[in-house]
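K.L.:
Submitted below is the structure of interest, expressed as structure tokens.
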Amino acid sequence: MNNKKKNEGQTDFSYYGLYLLDYLRTNRFEQATDEAFIRERADRAAGTYERAMLEGYPAAGAQELAMRTLTEGLRYSKYAILREVVENEFADDVPEAERESFTRKLLPLVGNVFSIYDLSDDNFALSPDYDLLYTELTGAVVLYIEEYGV
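Going by the numbering used here, the letters in the sequence shown line up with residues 1173 to 1322, in that order.
Okay, here's the thing in structure tokens:
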């Protein structure tokens, strides 16, 4: 994996900071450009790891707790949910090679659909609200494709 250019200028981030930066960029979270947010989360994750090790957790268990701290409330990005809708519901309409650009183009246009949902809940996908959001996004994509095509 060649992240050299992507992480240029961010080399002073810790392991957790670099992991979070990559995670935020990959899933197109708005916080991907918020250096203070990334540093605060990374520091909190490192502290969680250190405390867990002092409490006798095995390294793998301490790492799991640290990663949970690092990504808490960041499980579902608007981009990732919309991309899932496009991939699952519009595979015949949107060619695979165009799905990423189509999703990026559509995201700002359907942003208001997300406004009433709490995506920071790490169990959001298990809630009835997720199904409602998924259905609303599917409808928005149908309307967009009918009006403008792919």
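We put the beta carbon where it would ideally sit given N, CA and C, even for glycine.
Helix or strand or just coil, what does DSSP make of P1230?
P.N.:
P1230 falls in the coil class under three-state DSSP.
K.L.:
Please say whether L1242 and Y1191 have beta carbons closer to each other than 8 Å?
P.N.:
Going by C-beta atoms, Y1191 is nearer than 8 Å to L1242.
K.L.:
At which residues does the alpha helix (DSSP H) containing M1252 begin and terminate?
P.N.:
The question names Met, yet the displayed sequence has Ala at residue 1252. Looking at the DSSP string, the run of the alpha helix (DSSP H) that includes A1252 is K1250 to E1261.
K.L.:
Can the beta-carbon of Y1188 be found less than 8 Å from the beta-carbon of A1218?
P.N.:
Yes.
K.L.:
For the alpha helix (DSSP H) that contains A1312, what are its first and last residues?
P.N.:
Residues P1300 to Y1320.
K.L.:
E1272 to A1238, Cα distance in whole Å?
P.N.:
Going from the Cα of E1272 to the Cα of A1238 covers about 31 Å.
K.L.:
Taking the CB atoms as reference points, tell me whether Y1251 and N1295 lie closer together than 8 Å.
P.N.:
Going by C-beta atoms, Y1251 is not nearer than 8 Å to N1295.
K.L.:
Between the C-alpha atoms of S1299 and Y1306, what's the straight-line distance to the nearest angstrom?
P.N.:
Each residue's Cα considered, the two are about 11 Å apart.
K.L.:
What do you get for L1226, buried or exposed, if any count of 16 or more other CB atoms within 10 angstroms of its CB means buried?
P.N.:
Counting Cβ neighbours within 10 Å, L1226 comes out exposed, since fewer than 16 surround it.
K.L.:
How many Å lie between G1181 and E1207 at the Cα?
P.N.:
Note on G1181: pLDDT 48, under 50, position unreliable in the model; no value is reported.
K.L.:
Given a cut-off of 8 Å on the beta-carbon distance, is the pair L1127 and V1266 in contact?
P.N.:
The structure shown does not extend to residue 1127, since the chain is modelled only from 1173 to 1322, so the question has no answer here.
K.L.:
Expressed to the nearest angstrom, what Euclidean distance is found between the alpha-carbon atoms of N1284 and L1193?
P.N.:
One C-alpha to the other measures close to 25 Å.
K.L.:
Apart from the five residues on each side of it in sequence, which residues of its chain come closer than 7 Å, Cβ to Cβ, to S1186?
P.N.:
Hits under 7 Å: A1214 and A1218.
K.L.:
Taking all protein chains shown into account, do 16 or more other C-beta atoms lie within 10 angstroms of the C-beta of V1282, making it buried, or fewer, making it exposed?
P.N.:
Buried, because 16 or more other Cβ atoms sit within 10 Å of the Cβ of V1282.
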